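A short write-up of the structure that comes next.
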DNA sequence: TATTGTTATACTCTATAACTATA
DNA sequence: TATAGTTATAGAGTATAACAATA
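Protein chains in written order, with this note's numbering: chain A, 942 to 1106; chain B, 942 to 1106.
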């Protein structure tokens, strides 16, 4: 196993043996785990995202839904849910929120009377046009310290993690 | 801006123009965003974690709390919450769950009658001893396709994302 | 005055099971 | 029979505001 943690940056210079009532905590094996760092990184990304899209209150998940609906106009709730890996019952409330803000429209499907054909409303189109540059700027800010090779590698390695490899 | 997405792996060979009612969705800019891939990777890690620690029902967050409590015996709920970035009111229910399963003990603090000195119970110690090899195996499985250099780089890049860089 | 744990409250995200309408 | 959307329900996780006990 990789040994990137043998000198944990979270422990003090003494290796963390003096854990006084007020110092940083000893984190043991945690900083060496990709799962742990992934979680930390995602929290930081989430918070930066929120700040970047302000004053709009949009989550990364909602941004993703808006992009998918724009790029796949007319798709159903079930298909959308399957694409992002959430249950269709969960998708109901998610679309409720987007529809309630005027961003998404539930149009009747022309081919299947059981399902809706989702599309962005005019305000959703405008919002997304406004959001995309902000999201790109947020990405740029988060990656500011990385060169092109590192960015490419990060995307590649994350993709391999997600891909089950 | 980095251009790692110009040929999206999520679009078909035609670039995604034929999005028939049953094909994969067009994902546009999403796969090129670190935030998006991070989220996908974390979902995959989470599911793999759940499977790896079965039959125990422990989340990655709970595993982290158990490690921190073991390595910092006697710490208070507020300190623990500050360390992982959650509110002390949220920590109440989190500790309730760990205590209810016999993994964590709320002992009275010897120095401050307002607070508890948290420590693992005997079952918590045993559980953690059992969990750690499983978590390491899960990490190993997720990183199976990566060599030592790639693993080191992944940890480093994730750390830089979380560190605000 | 400030801090610790707690409760009340609220909201999001997630799921399963069962229902209706439609395929 | 199977699928799409919905509802009821449940649980985890998150927060803010207020409270009592203690520092």
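C-beta atoms are modelled at their ideal positions from N, C-alpha and C, and glycine is treated no differently.
Quantities reported herein were computed from a predicted structural model and do not represent experimental measurements.
In this structure, the CA atom of residue 1064/B is about 10 Å from the CA atom of residue 1040/B. For residue 1059/B, no alpha helix (DSSP H) encloses it; the enclosing beta strand (DSSP E) starts and ends at 1057-1061. Taking a 10 Å sphere around the C-beta of residue 983/B, we find 16 or more other C-beta atoms and assign the residue as buried. The contact set of residue 981/B on chain A, defined by CB atoms closer than 7 Å, consists of 1103 in chain order. Between residue 1043/A and residue 1032/A, the gap from beta carbon to beta carbon reaches 7 Å or more.
Residue-level contact by beta carbon holds for residue 1086/A and chain B, with a gap shorter than 7 Å. Between the C-alpha atoms of residue 1088/A and residue 1098/B there is a straight-line separation of about 11 Å. Against chain A, a Cβ distance below 9 Å from residue 1027/B picks out nothing, because the smallest value is about 10 Å. Linking residue 1015/B to residue 1057/B through their CA atoms gives a straight-line distance of about 8 Å.
About 14 Å separates the beta carbons of residue 1001/A and residue 973/B, which is beyond the 8 Å limit, so they are not a contact pair. In the three-state reduction of the DSSP assignment, residue 1074/B falls in the helix class. The alpha carbon of residue 1068/A has as its nearest neighbour, out of 978/A, 999/A and 1078/A, the alpha carbon of 999/A. Counting C-beta atoms within 10 angstroms of its own C-beta, residue 1078/A has fewer than 16 neighbours from the protein chains shown and is therefore classed as exposed.
For residue 977/B, the chain A residues whose C-beta falls within less than 8 Å of its own C-beta are 1001 and 1005, listed in chain order. The beta carbon of residue 1012/A falls within 7 Å of a beta carbon belonging to chain B, placing the residue at that interface. Residues of chain B whose Cβ lies closer than 9 Å to the Cβ of residue 1076/A are, in chain order, 970, 974 and 976.
At the C-beta level, residue 1096/B and residue 986/A stay beyond 7 Å of one another. In this structure, residue 1059/B sits near residue 1010/B, with a CB-CB distance shorter than 7 Å. Interface flag for residue 1055/B against chain A is unset, since no Cβ pair is found closer than 7 Å. Residue 1003/B and residue 1080/B have their C-alpha atoms roughly 17 Å apart.
Shortest Cα-Cα distance from residue 1013/A to any of 1075/B, 1006/B, 1094/B and 969/B involves 969/B.
Cβ-Cβ separation between residue 1006/B and residue 1061/B: approximately 10 Å, too far for a contact (criterion under 8 Å). Bounds of the beta strand (DSSP E) holding residue 1047/B are 1045-1049.
For residue 1053/A, no alpha helix (DSSP H) segment is defined, and its DSSP state is neither H nor E.
What residue 986/B touches in chain A, judged by beta-carbon distance under 9 Å, is 975, 976, 979, 980, 1102 and 1103, going in chain order. The beta carbon of residue 1080/A sits closer than 7 Å to some beta carbon of chain B. One thing to note: residue 1024/B has its Cβ within 7 Å of the Cβ of residue 966/A. Between residue 1093/B and residue 1086/A, the C-beta gap is not smaller than 7 Å, which leaves the two residues out of contact.
For residue 1091/A, the residues of chain B that pass the 7 Å Cβ criterion are 1098, in the order they occur in the chain. Check the Cα spacing between residue 990/B and each of 1090/B, 1084/B and 1075/B: the tightest is with 1075/B.
Rounded to the nearest angstrom, the gap between the Cα atoms of residue 971/A and residue 1055/B is 29 Å.
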